[in-house]
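Take a look at the structure set out below.
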Amino acid sequence: MSYSIEERLQGHLEAIYGNNDDTSDLKQWNKALLEAARLRSGQLPPEPQRNLWSEADVAVITYGDSIVDDAEPPLKTLHGFLTRELGAAVSWVHVLPFHPWTSDDGFSVLDYSSVNEALGTWPDITRLGIDYRLMADLVLNHCSSRSAWFENFRLGIDPGSDYFFVPDEAFDTSQVVRPRTSPLLTSVLTERGEQSVWCTFSADQVDFNFANPAVVVEFVSIIRALLDAGVRVFRLDAVAFLWKQSGSTCVNLPQTHELIRMFRLIIECAQPDAIVITETNVPNRENLSYFGNGTEAHGIYNFSLPPLLVHALVTGNSSHLSTWMMSMPPAQDGTFYFNFIASHDGIGLRPIEGLLAQDEVDTLLTTMERFGGRVSWREASEEYAKPYEINIALFDALRGTIEGPDDWGQQRFLCAHAIMLGLEGVPAFYIHSLLGTRNDIDRLEHTSQNRAINRHQWHLENLMATLADASSVHTQVFNALKNLIMIRKQQPAFHPNATQFTLHLGTALLGFWRQSLDRRQSLFCVHNVSNVRQVLPLSSLNLLVNQPWRELLSDQPIEESLSEWLLEPYQTLWITNA
3 MSYSIEERLQ GHLEAIYGNN DDTSDLKQWN KALLEAARLR SGQLPPEPQR
53 NLWSEADVAV ITYGDSIVDD AEPPLKTLHG FLTRELGAAV SWVHVLPFHP
103 WTSDDGFSVL DYSSVNEALG TWPDITRLGI DYRLMADLVL NHCSSRSAWF
153 ENFRLGIDPG SDYFFVPDEA FDTSQVVRPR TSPLLTSVLT ERGEQSVWCT
203 FSADQVDFNF ANPAVVVEFV SIIRALLDAG VRVFRLDAVA FLWKQSGSTC
253 VNLPQTHELI RMFRLIIECA QPDAIVITET NVPNRENLSY FGNGTEAHGI
303 YNFSLPPLLV HALVTGNSSH LSTWMMSMPP AQDGTFYFNF IASHDGIGLR
353 PIEGLLAQDE VDTLLTTMER FGGRVSWREA SEEYAKPYEI NIALFDALRG
403 TIEGPDDWGQ QRFLCAHAIM LGLEGVPAFY IHSLLGTRND IDRLEHTSQN
453 RAINRHQWHL ENLMATLADA SSVHTQVFNA LKNLIMIRKQ QPAFHPNATQ
503 FTLHLGTALL GFWRQSLDRR QSLFCVHNVS NVRQVLPLSS LNLLVNQPWR
553 ELLSDQPIEE SLSEWLLEPY QTLWITNA
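Just remember that the working numbering sits 2 ahead of the position in the sequence shown, which is counted from 1.
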């Protein structure tokens, strides 16, 4: 049985607000949501479990001003670079927050209705959305303490007077899970006197009160505007922290999941080919819960992958990575893993809680600090803090092993991305990984922000001169990654929902098998994660003798007489039935 958008919305509203509003009020909010999204009365939602992605989809993650040119706005420079230098290699472009902001490099939004004029204009955003599937952040947990909404909160006027979360004196915060060491509550002077507002991330990022349906209506209006501008993939930033409840962890609460389901419903009714991805930097089991029953997030960030992959490559031991891969359920049709190994943030450590022993985490932290990285912390209790993330450029993170730097950094770096490209899911490259960018120590010291180490800003003239130099590591990395991507995009077995099976090849090798949805293509991915040569007995792969086989990266046929393959340090094999 199909239910109309009104009926579905009413169910979500009652699940979220049933104890707070009577039914007649909820019907008014239902109507307000439909109007904000410009949806028709009686409209039926699209069928779930549709795969809106394929093996040809590869994403790039970038700030609007990761590449700048004095002659034009950064968004135009970015667009030009992507079309000229990457072309068909990428199909999705995630432009990190492009609204006016006051801190956290865009994640403290001043005004959701405009584009930061230092980056460009709405037409610049729309033009990107014409050439690529455009992904944007919905920064919905909090906004800037200097925003008009928060100023209205201080003054007690609308809109905004009741948009922010102010816990009452009896609110029990003893179990709250924190991602930062900053104070949870910030005292502000308002027309109603001094009030303590909830600040999950910083005093400049004040949390919204989603117990007020008017806040949801505001964000549906923002969603509508982003859709109109060409956005087709929504990254729900820090969404795990939306709902607050006394005595709870205030993370991953049932109302949060219900809100996501409601946002998903509205988004796909407004734009059937739009996609919702949740950004939930939490332990692996909690992260998986955001798939729901196929009606919540289309995609979830695969947060455990970056730390486990880096650990495997710096230790030369794939056992923890393999164990985790075997434990991961396949994404059902209509859902996918969003695979990444570097981003604008650091390498998160919460997602490996329970996956690596503490001494292994400590060794990883020591190694990353040795390679120039920094460690950011979160408050675990009133008495102590825990490491939250490693801040480092991925190229530097892989410049050596736990024994120290070596000469295999470039090969190790390419191996990491070959693994990501082969795994079940949609792969996403941070632009500075594509460019082989190193730690930006100057930016780190200038801003005193650990995350700045991996947020370098290239000047277009310097970047193009660098990429014109064939001997440059940046050029070699850029060209090698583009080549890997173009080969990947032609393999049906690399569809994000194609079958994946982890192979048992010993700790120095990481292997897995992919099979296309139509079962016609089999593809064996084998990676040497160590700094010594490894022998792969081909008998350990089920290469059917009645089929021809080929190694894709070398374009070399596998002769029936060949019994083993010698893999150089960090070499990748993609073996497919030809």
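Every residue gets a Cβ at the ideal spot worked out from N, C-alpha and C, and that includes glycine.
The structure presented is a predicted model; accordingly, all values stated were derived computationally and were not measured.
Pairing residue 117 with residue 99 gives a Cβ-Cβ distance that is not under 8 angstroms. Using a Cβ distance threshold of 8 angstroms, residue 390 and residue 436 do not count as a contacting pair. Collapsing the DSSP output to three states places residue 137 in a strand.
Relative to the Cα of residue 571, the nearest Cα in the group 417, 513 and 525 belongs to 417.
One thing to note: residue 279 has its Cβ within 8 angstroms of the Cβ of residue 299. One alpha carbon belongs to residue 537, the other to residue 4, and they sit about 56 angstroms apart. Of 40, 38, 34 and 45, the smallest CA-CA separation from residue 9 is found for 45. Residue 341 is positioned such that its CB atom lies no closer than 8 angstroms to that of residue 284. In the structure shown, residue 432 adopts extended strand secondary structure according to DSSP, grouped into three states.
Residue 61 is not a Cβ neighbour of residue 487, given a cutoff of 8 angstroms. By the Cβ neighbour-count rule, residue 146 is buried, with 16 or more other Cβ atoms within 10 Å of its own. Counting of Cβ neighbours within 10 angstroms places residue 315 among the buried residues, the total reaching 16 or more. Sequence-distant partners of residue 205 (beyond 5 residues in either direction) whose C-beta falls short of 8 angstroms from its own C-beta, in its chain, are 147, 184, 185 and 188. By a beta-carbon distance limit of 8 angstroms, residue 243 contacts residue 202. Their separation comes to about 5 angstroms. When the alpha-carbon of residue 483 is set against those of 438, 470, 546 and 465, the nearest one is in 438. A distance below 8 angstroms separates the beta carbons of residue 318 and residue 403. The alpha carbon of residue 273 has as its nearest neighbour, out of 254, 306, 263 and 232, the alpha carbon of 232. Close CB contacts of residue 442 within its chain, under the 6 angstroms cut and outside five residues either way in sequence, are with 455 and 458 (chain order). Closest in alpha carbon position to residue 134, among 173, 96, 102 and 163, is 96. Inter-residue distance for residue 545 and residue 425 is about 20 angstroms (C-alpha atoms, whole angstroms). Put simply, the backbone Cα of residue 420 is about 14 angstroms away from that of residue 396.
The residue from 263, 401, 564 and 164 with its alpha-carbon nearest to that of residue 11 is 263. Distances from the CA of residue 193 to each of 211, 164 and 376 were compared; the closest alpha carbon is that of 164. Taken through DSSP and simplified to helix, strand or coil, residue 146 comes out as strand. Considering only 138, 13 and 32, the residue with the shortest C-alpha distance to residue 64 is 138. Assigned with DSSP and collapsed to three states, residue 116 falls in coil, not helix or strand. For residue 81, the uninterrupted alpha helix (DSSP H) run begins and ends at 76-83, by DSSP. As the crow flies, the alpha-carbon of residue 209 is around 15 angstroms from that of residue 261. Secondary structure at residue 207: strand, using DSSP grouped into helix, strand and coil.
The residue from 559, 561 and 540 with its alpha-carbon nearest to that of residue 569 is 540.
Using a 10 angstroms sphere on the CB of residue 393, the tally of other CB atoms reaches 16 or more, which defines it as buried. Remark: C-beta atoms of residue 311 and residue 343 approach each other more closely than 8 angstroms.
Taking residue 413 as the centre and dropping the five residues before and after it, the same chain places the C-beta of 571 and 572 closer than 7 angstroms to its C-beta, in chain order.
Unbroken alpha helix (DSSP H) stretches of 4 residues or longer found wholly inside the region 21-76: 25-39, given in chain order. Residue 69 is not a Cβ neighbour of residue 446, given a cutoff of 8 angstroms.
Residue 302 and residue 533 have their C-alpha atoms some 32 angstroms from each other.
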